[in-house]
Every structure is written in C-alpha cells, then in structure tokens.
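Take a look at the structure set out below.
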C-alpha cells in the first residue's frame, strides 16, 4: 500500500515513526527494522511518500513493514521507485 511518513523520532536509544496509509486517518508504527533496505530509516523525513505492507502489532495496533522509499528524498533531485 502507499502512504506518507507523518512522524519521525530519532533520540538516543529510541528511533521510530508513523506512516499514514493513503485514504485513511490512522497511522501505523515503524522502526528502523521495518525498512526493506538497510539504512533507509536514516534517510526518511516527514512528508515522504512510501510503499509498505502492514501487520498486526499488539503494542501499537498496526505496524508498517517492508517500507520502500518512493517519493523524492529531502534535498535531492531524484526519487527511488519500489518496482512494485
């Protein structure tokens, strides 16, 4: 599914965020391990468009997994596509 990053938290000992699926008002939780490509968590910013799958997460409701960056990265002239 497609969605938009709505929140990013990067503090000492805690890194996580939320993504809102397109057409909904609810957010899904994610952390650095939720990304399909290692290191992409460090590149995301609020407002970035992504593609992802969801699974049930007992602590947070839903969790985004296999997140792929699809929108233009902040301060860049290119975009990445997921191939989906």
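Residue numbers (the numbering used here): 1 to 84.
Heads up, the beta-carbon is just placed ideally off N, CA and C, and yes, glycines get one too.
| Asked | Found |
| --- | --- |
| Between residue 35 and residue 18, how many whole angstroms is the CB-CB distance? I'm expecting something under 8 Å. | Not really, about 14 Å apart at Cβ, beyond 8 Å. |
| Since residue 4 and residue 49 should fall inside the 8 Å C-beta cutoff, what is the C-beta to C-beta distance between them, to a whole number of angstroms? | 6 Å |
| For a minimum of 3 consecutive residues, which ranges assigned as the beta strand (DSSP E) are wholly contained in the stretch 16 to 46? | 28 to 30 |
| Please classify residue 63: is it buried, with 16 or more other beta-carbons within 10 angstroms of its beta-carbon, or exposed? | buried |
| In angstroms, rounded to a whole number, what distance separates the CA positions of residue 66 and residue 13? | 22 Å |
| Pick helix, strand or coil for residue 48, following the three-state DSSP scheme. | coil |
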